[in-house]
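These notes concern the structure reproduced below.
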Amino acid sequence: MTVWYDPLTPAADAANFLDEEQSLIDHITIQITQVYTRLQSQGRVARLTYLYQLLSETNRVIAHSQNQQALLTELQQVLLNLGGFAKIVIALKADDQADSPLVIQFHHNVSANILPTLQTVLQQEQNPPLNHVKNTGPDVDVYSYALVNAPDAHISPEYRAWRHYLKQEQVHQAALTPLLFNGHFWGLIGLYTTGRVEFDQEQIQLLQNLSRDISSALERFSAEQQRKTAESYSQQMEQRFQQVFLQSLVPMHIISIQD
């Protein structure tokens, strides 16, 4: 906080504030600091409460979801119902190939005009947030940042436009949570807030747990789908063999060959 006299007032000629003035300034500063600290604390508690609820609801959804699409649909509804963030983006790879492009699967409160720009940004590697998230390790590196910080000079025009849009929308903080598939980057959940409370380590830990739970569920669904596909293929081969065996005009015998 900066305090000064208008240069046109007589008091502006004084070299220092009077003791009484300095005392009042100190008192006001303390009060403002206390209010700010209290608001920050309340904001942190509110966000922690939200993230705990999100983690709990997500695990409930995981428990009764039967496939990836059902999980993602339910997760979207959970995010909307809890309403803890101003904007939400979920993007996933089109398939499990390393060079597969990210595709926006869900977005909340994001203008349709900026979506093509965001889709382009998701394919770029040079911008710090996405570059960091796409190269996350098995430990899951959640990337949080403040929009007030100046962006890197080497960011793309599309990412600069996306940041400009977020700032226009009064977004102050963002957290990108990576989703992994078999230990490799597969998608992300972007959470954007108009609040000024920074993401601390406890909040990051909850987002890491969220990522691990969702990633584990996705891998389970994939393994289950592979098992069903293998069983279906086995049944088809069995049926084809039976048809050949029964329709053959020549008697057939199955002989077991031992090594």
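Sequence positions in the sequence shown follow our numbering and run 6 to 264.
We put the beta carbon where it would ideally sit given N, CA and C, even for glycine.
Distance between Leu-123 and Arg-43, taken at the CA atoms: about 36 angstroms. Of the other Cβ atoms in all chains shown, 16 or more fall within 10 Å of the Cβ of Arg-52; this residue is therefore buried.
Put simply, of Ala-179, Leu-193, Ser-220 the residue whose alpha carbon is nearest the alpha carbon of Gly-200 is Ala-179. Counted as a single uninterrupted DSSP element, the beta strand (DSSP E) harbouring Pro-183 occupies residues 178-186. Buried is the label assigned to Val-94, since at least 16 other Cβ atoms lie within 10 Å of its Cβ. Secondary-structure assignment with DSSP links Leu-87 through no beta bridge to anything.
Secondary structure at Ser-28: helix, using DSSP grouped into helix, strand and coil. Using a Cβ distance threshold of 7 angstroms, Leu-212 and Phe-186 do not count as a contacting pair.
A direct Cα-Cα distance of roughly 23 angstroms separates Asp-157 from Phe-190. Taking C-beta atoms under 8 angstroms as the contact rule, Val-202 and Gln-82 fail to qualify, at a distance of about 25 angstroms.
Rounded to the nearest angstrom, the gap between the Cα atoms of Lys-98 and Gln-131 is 18 angstroms.
Sorting Glu-243, Pro-183, Pro-121, Val-108 by C-alpha distance to the C-alpha of Leu-135 places Pro-183 at the top. Sorting Lys-92, Asn-86, Gln-210, Ser-61 by C-alpha distance to the C-alpha of Ala-117 places Lys-92 at the top. In the displayed model, Phe-226 falls within a helix according to three-state DSSP.
With a beta-carbon spacing of about 30 angstroms, Val-153 and Arg-217 fall beyond the 8 angstroms limit used to define contacts.
CA-CA distance, Ser-149 to Gln-210, rounds to 12 angstroms. Between the alpha carbons of Asn-86 and Gln-58 lies a gap of roughly 11 angstroms. About 5 angstroms separates the beta carbon of Tyr-170 from that of Ile-119, a gap short enough to meet the 8 angstroms contact definition.
Going by DSSP, Gln-173 is part of the alpha helix (DSSP H) stretching over 162-173. Look at His-112 here: in three-state DSSP terms it is strand.
Judged by DSSP in its simplified three-state form, Val-153 adopts coil rather than helix or strand. The Cβ atoms of Tyr-164 and Val-108 lie no closer than 7 angstroms to each other. Val-94 carries a strand assignment under DSSP once its states are collapsed to helix, strand and coil. Each of Lys-139, Leu-76, Glu-207, Glu-25 was checked against the Cα of Phe-111, and the nearest Cα belongs to Leu-76.
Straight through space, the alpha carbons of Gln-208 and Ser-70 are spaced by roughly 26 angstroms. For Val-66 against Leu-56, the beta-carbon gap comes to about 15 angstroms, at or over 8 angstroms, which does not count as contact. Between Gln-128 and Pro-106, the gap from beta carbon to beta carbon is short of 7 angstroms. The criterion of a C-beta distance shorter than 7 angstroms is not satisfied by Val-138 and Leu-215.
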